[in-house]
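First to last, the sequence lines map onto chains A and B.
For the first sequence, the residue numbers in this note's numbering are 683 to 1162.
For the second sequence, the residue numbers in this note's numbering are 94 to 601.
Have a look at the structure below before the remarks.
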Amino acid sequence: MKIGILFEGTYPYVQGGVSSWAASLMRNEKNVDFVAIHVGANPIRRLPKYKFSDNIKDYFEFFLFSSYKFEKQPVTDEFMEELVSIIRYPFEEIYMGEKLFNVLKKYNNFDYTTLIKNDIYWDFIIKLYNNFIPYENFNYYYWNLRSMLLPFLNALTVDIPVCDVYHSVTTGYAGLTALMASLRYNKPYIITEHGIYHRERQLDLLRSKWVKDEYRIPWIRLFNTISALTYYGAAKVTTLFKKNQQIEKELCDDHSKLEIIPNGIDYNHFSSIEKEEKTSVNIGLVGRVVEIKDIKTALKSIKIVSESISEVKFYIIGPTDEEPDYFKECKEMIDILNIGDIVEFTGMADVSQWYSKLDIVVLSSVSEGQPLVLLEAMASGIPCVSTDVGACSEIIYGTGEDNDIDGKCGLIVKPKDFSSMAKAINELIENKEFYNSASEIGKKRVHKRYMVENMIEKYDGLYTGVYKKWLESDSGSTDL
Amino acid sequence: MAGIGFRLNRFIETGTISGNVLAFAYSAIIAAGPWIITSLALSTLLNYGFFKVIAQVILNVFTNMTDREIIYSIQNLYSKIVNEYFSVSIVYSFVFSTIITGGIIMVLSRNISDKIYSENYDDIFSDTVGFIMISQIISLIAAMIFFGIYDQNPLWVKIFVTWLFISLSTLWVVSVAAVATDSYVKYLLAFAITGLSSVIFSILFGLKFGPVGSVAGYALGVNVGISYMLFMVGEYFGFRLKISFAWAKSIVVNWQNLVIGTFYYLAIWIDDIVTWASPQLGESYTRYGLYGFRLAYDYDSPMFLAYLTTIPTMAMFVLVLETYFYKKYKLFYQNITSGGTYSDIIISKNEMIQEMKSNISLVVKFQIIITAIIYFINDINIIVSQNAGLSDIIRRIGIVGAMMNGFYLMITLLLLYFDFRKEVMLLNILTFSINIGLSYGLFSVFDNKLLGFSYTIAFTVSTFIGYKILIKKLENIEKIEFNRQKMYTKEGFYINYDDIEKYVKEKK
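Given below as structure tokens:
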């Protein structure tokens, strides 16, 4: 069986959460072959950060923000009329997702980029304009629409390699590409979300200064609609943890296709790491030095910790070259806080070797999915202090479900709250009993719930199940 | 012609009759000045009445001949200078140089206006030289092919006709760059210098060397004009000459302009060429030792005069285009680019179309009155010219055809104002096709009874089609403008397994 696995801006170019998970999944899933498909933003060549495992048999990449000359039929007026008839603003996402799916199923192989030159499109955007923002700069309106639509249209049009099952590691543009490949080649597709794509876009749009107020809500609802559309067409939608699934349910009526498959790590490897003897309290933050990891909050908390505990060291373990400006700001903050002698940036490193030196792992991110770094630290017996983002509180405090164990393996604080983070670190250092129990619970929890073997088994079952179901269905038999 | 509008508006804004007359005169000079001057220079040489006056002055100034000797020798001199050799050389060089450079000047014109728009003046002189070179090479090749086929021609004809031909091609090309300098007085002066020096050198050299001298003299005069214009271009844009063929790229990019210009001149001249080739009217010059050359004086002469009757159209068009229409045109595009709402855009579009229609109507009415007057004068033979004896049909239909040619030019220029190059290209090809088809067809069916009809019908049909296209396009111009803009995105590509492996190996 050949799985076409689609990434958007992650594997194989960016290290971290999704990419590490993907590398681990493909390396350990021995029963299937993979075609890695990367949906890039701007057309540039880059060096991959991962070596392809042997079962990655093919690779394909295209770019959303670029112009392609597709050798396909331009969109027809019939398609445009049907499309326009179902788009009503304000969007009703679930309703529109279903309707859009039916239209795309019927007309699945056009050069959709020609849509913007179609007369029906023009009349439609004029109607929207006149109804909602007739006072607006029309030139801005037109180009805003056109530039925002371009990646969607490219994603809908591009032909990716033929596979047996498509697996998109997000909704969004990659999800659309998977959906269209599924419709074009008559194959099933599944979605796995680490972070919830439309929620992330929502945050981006609300934060961004370049988007005018009039456009924020329509764009947010458009991304919601895209998620609803891809959920609707997917055979299965998986995510890492419960909180995410709750959000998915808002846009996916068919709850039977929703499933949780937590991340998994190599427990045996991490649990066998021997602790080194050391004279100081070593605190580590494992991750890329980028804004979303909010390294500055961690630095501020370390400053507070260092005022009460003299022998403390703080290691930031991860690449520093991704956001050079942010790295520079962090260094300036270290100078201002006067903690240069206790803070060290290690750069790219083998984290396994560092876990033997660390006493506490800190995670100060403002956004996460289900961070592998916490699981690795826990498997190594290191208690963690983490912000309350993504699945962190589930991981640290437990889910309360049968396949989990009770108890805390660290402490959770609010994002940006450096004072609470410092208190939590101090508590772990000073309360030896709590430290030891957290260390034990962490190991046990990972062993019970977050082993890579479990994860692989579940994905193996997922691929096989979806594929078998498709073979048994009318679609599968007609294709065969 | 960025500066024209400003000056014309200054005249018109005075609100006086004299202001309007001045504006019209200014437009006439800009639109038709070079043509008038060139025609005057040729008329001087080809019309005995003019020739006599001018030759007297020149011989007085440049020779030691007495008045008596001058008057005595002028008749002799006229036949010595103005003869079959001179006529053939001038007509062929004029017609084929415009055909060969028609496309090149359209591309150069676009190239220069793009550079002026982007304030990249440094390359204009180099580019002009590059375009001159390419037009000279093409002209040389064309002349070599012609004289290769008609090898019996005398050597001096081969050399000096080729030189004149190349010189005129160069003149048309360099004049495009010269007009871009906005120094209209200097521009007209350059044509005056060209005309005057051509006449002087033709007469002086003709007097000494006969036909070879008059042709060479004319070519030399043209080269004096070329030199002055090239100096104007260098003085205005800078004399930076760098060896680069970047300008050649603009030929590839603006290939439609190349076709537009070439086919426009082919459309204008093809009926003449067909008539030359016809056994009924075409005259061979082999008895004078000139091979491959044919003319049809009875056709060429009235048609040439007919062309001159379109000067009012051109002048009026420049006037209204650069003043009334341009204001509305600018407002429309300002609304598109500078934050207008959709209703602002539609209102300004409607006003622009309204203004354009009323301007076209004004130009058409004006030209119809002029044509009617000329028609009337022509019919009662008030114009005394050497055309006497030509059939009424050629005269009458030629004037109507020229009027339609003027209207056609107006419509196609308006289409080009909105950058509908493909449409203009197809229209020019259509006009050429109708003209050549009908020229052959009418000759074979009606002999020479319907001369001039092919030219007139071709431009009439194309004018109406062009107008329809223009109106249809402008109805949706806002949509067309938005849709045809390209997004500034890089060209996309795909990466597959082998690509990425290769890239990794390269980087390692």
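Each residue gets a CB set at the ideal place from its N, CA and C atoms; glycine is no exception.
Please read all numbers here as calculations on a predicted model, not as lab measurements.
- Indicate whether the contact test is met: 3 or more Cβ pairs, each with one atom in the region 347-363 of chain B and one in the region 226-234 of chain B, closer than 8 Å. no
- Terminal residues of the continuous beta strand (DSSP E) containing Phe-744 (chain A)? Locating residue 744 (chain A) in the first sequence gives position 62, where the first residue counts as 1. Residues 738-745.
- Contacting positions in the region 579-598 of chain B - beta carbon closer than 7 Å to chain A: Met-580, Thr-582, Lys-583, Glu-584, Gly-585, Phe-586, Tyr-587, Ile-588, Asn-589, Tyr-590, Ile-593, Tyr-596, Val-597
- Buried or exposed for Pro-870 (chain A), please, with buried defined as at least 16 other CB atoms from any protein chain shown within 10 angstroms of its CB. Within the first sequence, the letter at position 188 stands for residue 870 (chain A). Buried.
- Query: In its own chain, which residues sit with a C-beta less than 8 Å from the C-beta of Ile-947 (chain A), not counting the 5 before and 5 after it?
  - Reply: The sequence position of residue 947 (chain A) within the first sequence is 265, counting from 1. Here the set comprises Ser-706, Leu-1054, Leu-1057, Glu-1058, Ala-1061, Val-1128, Tyr-1132, Met-1133, Val-1134.
- Give a yes or no on whether the minimum CB-CB distance between Asn-498 (chain B) and chain A is below 7 Å. Taking the first residue of the second sequence as 1, we reach residue 498 (chain B) at position 405. Chain A contact via Cβ: absent.
- In chain A, which residues lie with their C-beta within 8 Å of the C-beta of Phe-459 (chain B)? Your numbering for residue 459 (chain B) matches position 366 in the second sequence. Residues of chain A passing the Cβ test: none, with the nearest at roughly 37 Å.
- Message: Please give the ranges of any alpha helix (DSSP H) in the region 475-545 of chain B, keeping only runs that are unbroken, at least 4 residues long and fully inside the region.
- Response: 485-510, 514-539
- Query: Excluding the five sequence neighbours on either side, which residues of its own chain have a C-beta within less than 6 Å of the C-beta of Val-517 (chain B), listed in chain order?
  - Reply: For this step, residue 517 (chain B) is matched to residue 424 along the second sequence. Ile-353, Thr-505, Leu-508, Leu-509.
- Query: In terms of residues, what are the limits of the beta strand (DSSP E) holding Lys-995 (chain A)?
  - Reply: Stepping through the first sequence from its first residue, residue 995 (chain A) is reached at position 313. Segment 994-999, the beta strand (DSSP E) holding Lys-995 (chain A).
- Is the beta carbon of Leu-261 (chain B) less than 7 Å from the beta carbon of Ser-180 (chain B)? As a first step, residue 261 (chain B) must be located in the second sequence, where it is residue number 168. As a first step, residue 180 (chain B) must be located in the second sequence, where it is residue number 87. Cβ distance not < 7 Å, so Leu-261 (chain B) and Ser-180 (chain B) don't count as in contact.
- Query: Is Ile-776 (chain A) near Ala-910 (chain A), with beta carbons less than 7 Å apart?
  - Reply: Position 94 of the first sequence, counted from the start, is the residue given in the question as residue 776 (chain A). Position 228 of the first sequence, counted from the start, is the residue given in the question as residue 910 (chain A). Cβ distance < 7 Å, so Ile-776 (chain A) and Ala-910 (chain A) count as in contact.
- Proximal residues to Trp-249 (chain B) (C-beta, below 7 Å), its chain only, five neighbours per side dropped: Here residue 249 (chain B) corresponds to residue number 156 of the second sequence, with the count starting at 1. Around Trp-249 (chain B): Val-305.
- Task: Grab me the residues of Phe-224 (chain B)'s own chain with a C-beta within less than 7 Å of its C-beta, minus the 5 sequence neighbours each way, in chain order.
- Result: The residue labelled residue 224 (chain B) in the question sits at position 131 within the second sequence. Cβ neighbours of Phe-224 (chain B) beyond the five flanking positions: Ile-197, Leu-201, Val-266, Trp-340.
- How should Phe-689 (chain A) be labelled, buried or exposed, when 16 other C-beta atoms within 10 angstroms of its C-beta is the threshold for buried? As a working note, residue 689 (chain A) is residue 7 in the first sequence. Looking at its Cβ environment, which holds 16 or more other Cβ atoms inside 10 Å, Phe-689 (chain A) is buried.
- Message: Please list, in chain order, the chain A residues whose beta carbon lies closer than 8 Å to that of Lys-335 (chain B).
- Response: As a first step, residue 335 (chain B) is located in the second sequence; it is residue number 242 there, counting from the start. Under the 8 Å cutoff, chain A gives no residues; its nearest Cβ is about 32 Å from Lys-335 (chain B).
- Item | Thr-979 (chain A) to Asp-1099 (chain A) span [Cα, whole Å] | To locate residue 979 (chain A), count along the first sequence from 1; it is residue 297. To locate residue 1099 (chain A), count along the first sequence from 1; it is residue 417. For Thr-979 (chain A) and Asp-1099 (chain A), the distance between alpha carbons rounds to 7 Å.
- Item | Cβ separation of Cys-1066 (chain A) and Gly-1029 (chain A), assumed to be a contact under 8 Å, to the nearest whole Å | Position 384 of the first sequence holds residue 1066 (chain A). Position 347 of the first sequence holds residue 1029 (chain A). At roughly 22 Å, the Cβ-Cβ gap does not stay under 8 Å, so Cys-1066 (chain A) and Gly-1029 (chain A) are not in contact.
- Nearest-angstrom Cα separation, counted from Met-445 (chain B) out to Gln-479 (chain B): Position 386 of the second sequence holds residue 479 (chain B). Position 352 of the second sequence holds residue 445 (chain B). Residue placement at Gln-479 (chain B) is poorly supported in this model, since its pLDDT is 47, which falls under 50; the coordinates still yield a value, given next. Straight-line Cα distance between these residues: approximately 45 Å.
- From the beta carbon of Phe-905 (chain A), is the nearest beta carbon of chain B less than 7 Å away? Along the first sequence, one-based indexing puts residue 905 (chain A) at 223. So, not an interface residue.
- Could you check what DSSP says for Ala-95 (chain B) in three-state terms: helix, strand or coil? Mapped onto the second sequence, residue 95 (chain B) falls at position 2. Residue placement at Ala-95 (chain B) is flagged as unreliable, the pLDDT there being 44, under the threshold of 50; a coordinate-derived value is accordingly withheld.
- Item | Close-in-space but distant-in-sequence residues of the same chain around Val-477 (chain B) (CB under 6 Å, 5 per side omitted) | Your numbering for residue 477 (chain B) matches position 384 in the second sequence. For Val-477 (chain B), the pLDDT reaches just 42, beneath the cut-off of 50, and the residue's location in the model is therefore unreliable, although a value from the coordinates is still provided. Excluding positions up to five away in sequence, the list is empty.
- Message: Restricting to runs no shorter than 4 residues, where is the alpha helix (DSSP H) found entirely within the region 230-278 of chain B?
- Response: For the region 230-278 of chain B, whole alpha helix (DSSP H) runs of length 4 or above, ordered along the chain, are 248-272.
- Item | Val-1071 (chain A) (DSSP reduced to helix, strand or coil) | Numbered from its first residue, the first sequence carries residue 1071 (chain A) at position 389. Annotated three-state conformation of Val-1071 (chain A) is coil, per DSSP.
- Taking only beta-carbon atoms, is Tyr-435 (chain B) less than 7 Å away from chain A? Taking the first residue of the second sequence as 1, we reach residue 435 (chain B) at position 342. Tyr-435 (chain B) counts as touching chain A.
- Message: Let me confirm a value: Pro-1001 (chain A) is counted as buried when at least 16 other C-beta atoms fall within 10 Å, else exposed. Which label applies?
- Response: On the first sequence, residue 1001 (chain A) is found 319 positions in, with the first residue counted as 1. Classification of Pro-1001 (chain A): buried, given that the 10 Å Cβ count is 16 or more.
- With Tyr-871 (chain A) as the anchor, note down where its beta strand (DSSP E) starts and where it stops. The count along the first sequence starts at 1 and reaches residue 871 (chain A) at position 189. Element bounds for Tyr-871 (chain A): 871-875.
- Query: What are the boundary residues of the beta strand (DSSP E) that Glu-941 (chain A) is part of?
  - Reply: As a working mapping, residue 941 (chain A) is identified with position 259 in the first sequence. Taken as a continuous stretch (DSSP letters only), the beta strand (DSSP E) holding Glu-941 (chain A) covers 940-942.
- Query: So which residues of chain A does Phe-469 (chain B) contact, with C-beta pairs closer than 7 Å?
  - Reply: For the purposes of this step, residue 469 (chain B) is taken as residue 376 along the second sequence, with counting starting at 1. Neighbours of Phe-469 (chain B) on chain A: none; closest Cβ ~50 Å, over 7 Å.
- Query: Between the C-alpha atoms of Ile-798 (chain A) and Asn-790 (chain A), what's the straight-line distance to the nearest angstrom?
  - Reply: Here residue 798 (chain A) corresponds to residue number 116 of the first sequence, with the count starting at 1. Here residue 790 (chain A) corresponds to residue number 108 of the first sequence, with the count starting at 1. When rounded, the distance between both Cα atoms is 17 Å.
- Output yes if chain C places a C-beta closer than 7 Å to the C-beta of Arg-1131 (chain A); else output no. In the structure shown, chain C does not exist; the protein chains are A and B.
- Message: I'd like the ranges of any alpha helix (DSSP H) spanning at least 4 consecutive residues and lying wholly in the region 1120-1153 of chain A.
- Response: none
- How far does the alpha helix (DSSP H) with Leu-1054 (chain A) in it reach, from first residue to last? Stepping through the first sequence from its first residue, residue 1054 (chain A) is reached at position 372. From DSSP, the alpha helix (DSSP H) with Leu-1054 (chain A) extends over 1054-1061.
- Task: May I have the straight-line CA-CA distance separating Val-696 (chain A) from Pro-833 (chain A), to the nearest angstrom?
- Result: In the first sequence, the residue the question calls residue 696 (chain A) occupies position 14. In the first sequence, the residue the question calls residue 833 (chain A) occupies position 151. Whole-angstrom Cα-Cα distance: 20 Å.
- May I have a chain-ordered list of the beta strand (DSSP E) segments no shorter than 3 residues that lie completely inside the region 837-871 of chain A? 847-850
- Among A:Asp-736, A:Thr-920, A:Glu-993, A:Met-778, which has the Cα closest to the Cα of Thr-907 (chain A)? Taking the first residue of the first sequence as position 1, residue 907 (chain A) is located at position 225. Thr-907 (chain A) has its Cα closest to that of A:Met-778, out of A:Asp-736, A:Thr-920, A:Glu-993, A:Met-778.
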